[in-house]
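Chains as they are written, first to last, in full-length UniProt numbering: chain A, 1 to 315; chain B, 1 to 132. Remarks on the structure that follows.
Structure representation (structure tokens):
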């Protein structure tokens with residue numbers, strides 16, 4: 001219906017000049033309902049989409065020089081290749097035409113993940129030398145985990161550019177695509193620039209986070225005893241420093257840990273056990289240097305000395 | 001590092017309507033310069049023939065917000081200014097900001113709680129020692 005089409009385009013944008021007198025009053029509401037109930041579509045299927053231009057804009061937005069063909073392979077996911085081949089087979093093409101000429105992003109993703117993990121582990125070893133290996137591993141796992149990486153990828157519009165079978169793209173696909181982008185940057189610009197990229201996009205996600213939110217420690221007191229024996233300090237003696245409301249429903253106990261009669265840390269809690277555990281956690285935070293009032297992360301120098309180690313560790 | 005939040009700008013206008021004159025002049029003169037100055041924004045120019053809706057500049061941001069701005073009866077320079085304004089915005093909703101200040105560290109020495117300045121139970125106050 002020409003008239004219906006005219007009304008449809010007129011209602012497609014929110015703005016229109018004075019609407020032409022309609023034949024039926026309910027048509028406008030019906031078309032609006034259709035528009036709202038339509039299933040969500042990929043941005044690449046909506047009008048005005050130029051893949052090459054979008055990829056160029058993506059590389060400019062991140063202020064990095066990518067090799068564009070590497071970047072295009074980084075966005076191709078294996079599920080996309082399978083679905084495309086299945087579709088072509090269904091349409092009845094020859095065997096030669098069915099096989100796509102595209103490469104996967106699994107190789108790039110693996111390299112990107114290895115590099116990111118090694119680089120972040122190095123950063124943390126340099127910044128928090130007291131932190132044990134398990135703590136560093138927990139931090140690196142948190143930063144390269146699915147949730148965080150897919151959140152960062154969504155806000156960098158990777159979900160528009162990634163080619164995958166399902167829409168909206170599931171978080172593991174987004175994580176793989178983002179790590180493949182890191183891998184592509186590694187191949188095109190070298191380990192130094194990729195290190196700066198990883199630092200700029202992953203480390204700010206730690207702002208405002210506490211160490212023990214990220215690292216699950218079951219027995220902080222045992223860990224504290226180990227740390228103190230390593231440093232040849234005697235075992236801590238817990239004493240109640242302050243208490244409030246002992247006989248009420250909500251008591252507050254402040255338990256302090258004393259080594260050789262000097263205070264190590266003090267922590268509050270609802271019961272004596274909880275307060276002792278909290279005091280052990282506070283003591284661990286102080287020992288590892290991950291308190292809230294530590295110096296903020298140093299984003300200034302590009303750290304030339306680590307370039308050789310990074311190159312070795314990424315291989 | 002700074003990542004521009006504007007993803008793409010779509011200029012939808014009609015090649016014959018009278019109020020799209022500024023949009024047409026923008027496309028002829030200033031669109032290429034704008035695109036060169038902002039290489040991280042994709043600029044789409046789509047004329048739709050025939051009498052259609054009013055000319056509109058649609059901005060899409062990285063967090064998904066889509067903002068439409070009418071450019072009917074605007075001159076080319078005004079459209080350039082509008083486009084740069086959109087390019088420097090983030091995609092957050094434009095609502096009333098409740099407070100013009102925000103801080104991530106509300107307390108420097110530790111927030112006061114009722115036990116801050118109370119001495120601990122363990123301090124013992126004995127008689128003052130005489131100087132020897």
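Here a beta-carbon is modelled for each residue, glycine too, at the ideal position from N, C-alpha and C.
C-beta contact flag for residue i and residue j at 9 Å
| i | j | result |
| --- | --- | --- |
| residue 57 of chain A | residue 104 of chain B | no |
| residue 55 of chain B | residue 9 of chain B | no |
| residue 152 of chain A | residue 115 of chain A | no |
| residue 80 of chain B | residue 13 of chain B | no |
| residue 50 of chain B | residue 16 of chain B | yes |
| residue 207 of chain B | residue 244 of chain A | Outside the shown range of chain B, which is 1 to 132, sits residue 207 of chain B, and nothing can be said about it. |
| residue 210 of chain A | residue 292 of chain A | yes |
| residue 208 of chain A | residue 120 of chain B | no |
Short CB-CB distance (under 9 Å) between residue i and chain B
| i | result |
| --- | --- |
| residue 254 of chain A | yes |
| residue 69 of chain A | no |
| residue 132 of chain A | no |
| residue 120 of chain A | no |
| residue 281 of chain A | no |
| residue 241 of chain A | yes |
| residue 157 of chain A | yes |
| residue 207 of chain A | yes |
| residue 174 of chain A | no |
Proximity test, Cβ basis, 9 Å: residue i and chain A
| i | result |
| --- | --- |
| residue 99 of chain B | no |
| residue 125 of chain B | no |
| residue 122 of chain B | yes |
| residue 8 of chain B | yes |
| residue 114 of chain B | yes |
| residue 4 of chain B | yes |
| residue 104 of chain B | yes |
| residue 96 of chain B | no |
Outcome for residue i when other beta-carbon atoms lying within 10 angstroms are tallied against a minimum of 16
| i | result |
| --- | --- |
| residue 105 of chain A | buried |
| residue 112 of chain B | exposed |
| residue 237 of chain A | exposed |
| residue 100 of chain B | exposed |
| residue 160 of chain B | The question about residue 160 of chain B has no answer, for chain B in this structure spans 1 to 132. |
| residue 230 of chain A | exposed |
| residue 32 of chain A | exposed |
| residue 278 of chain A | buried |
| residue 145 of chain A | exposed |
| residue 215 of chain A | buried |
| residue 29 of chain A | exposed |
| residue 127 of chain B | exposed |
| residue 130 of chain B | exposed |
**Request:** Give, in chain order, every residue of the segment 215 to 239 of chain A whose Cβ lies closer than 9 Å to some Cβ of chain B.
**Result:** Considering only beta carbons, the part of the segment 215 to 239 of chain A lying closer than 9 Å to chain B consists of 239, in chain order.
**Item:** Given 8 Å, three or more beta-carbon pairs between the segment 172 to 182 of chain A and the segment 73 to 83 of chain A
**Value:** As far as the Cβ criterion goes, the segment 172 to 182 of chain A touches the segment 73 to 83 of chain A, which means the pair count is three or higher.
**At least three beta-carbon pairs within less than 8 Å, the segment 145 to 165 of chain A to the segment 36 to 56 of chain A** = Taking 8 Å as the limit for Cβ pairs, the verdict is that the segment 36 to 56 of chain A does touch the segment 145 to 165 of chain A.
**Message:** Residues of the UniProt domain "Ribosomal protein/NADH dehydrogenase" (15 to 90) of chain B in Cβ contact with chain A at a cutoff of 7 Å, in chain order, please.
**Reply:** Residues passing the 7 Å Cβ filter: 39, 40, 41, 42, 44, 46, 52, 53, 54, 56, 62, 63, 68, 70.
**Meets three-Cβ-pair contact criterion under 8 Å: the segment 130 to 140 of chain A and the segment 209 to 224 of chain A** = Counting C-beta pairs with one atom in each stretch, the segment 130 to 140 of chain A and the segment 209 to 224 of chain A have three or more that are closer than 8 Å, which means they touch.
**Message:** Measuring CB atoms only, is the segment 134 to 145 of chain A touching the segment 118 to 125 of chain A, in the sense that at least three cross pairs come out at less than 8 Å?
**Reply:** Contact annotation: the segment 134 to 145 of chain A touches the segment 118 to 125 of chain A, with at least three C-beta pairs closer than 8 Å.
**Message:** Between the segment 13 to 32 of chain B and the segment 279 to 295 of chain A, can you find at least three pairs of beta-carbon atoms closer than 8 Å?
**Reply:** Result no; under three Cβ-Cβ pairs closer than 8 Å.
**Prompt:** Using a beta-carbon distance cut-off of less than 9 Å, what residues from the segment 38 to 67 of chain A approach chain B?
**Reply:** So the list reads 43, 47, 48, 49, 50, 53, 54, 56, 57, 58, 59, 60, 61, 62, 63, given in the order they occur along the chain.
**Prompt:** Contact between the segment 58 to 68 of chain A and the segment 182 to 192 of chain A: three or more CB pairs below 8 Å?
**Reply:** A contact exists between the segment 58 to 68 of chain A and the segment 182 to 192 of chain A.
**Asked** Do three or more CB pairs link the segment 263 to 281 of chain A to the segment 243 to 253 of chain A at distances below 8 Å?
**Response** Taking 8 Å as the limit for Cβ pairs, the verdict is that the segment 243 to 253 of chain A does touch the segment 263 to 281 of chain A.
**Prompt:** Can you list, in chain order, the residues of the segment 246 to 279 of chain A whose Cβ is nearer than 8 Å to any Cβ on chain B?
**Reply:** Here the close residues are 252, 254, 256.
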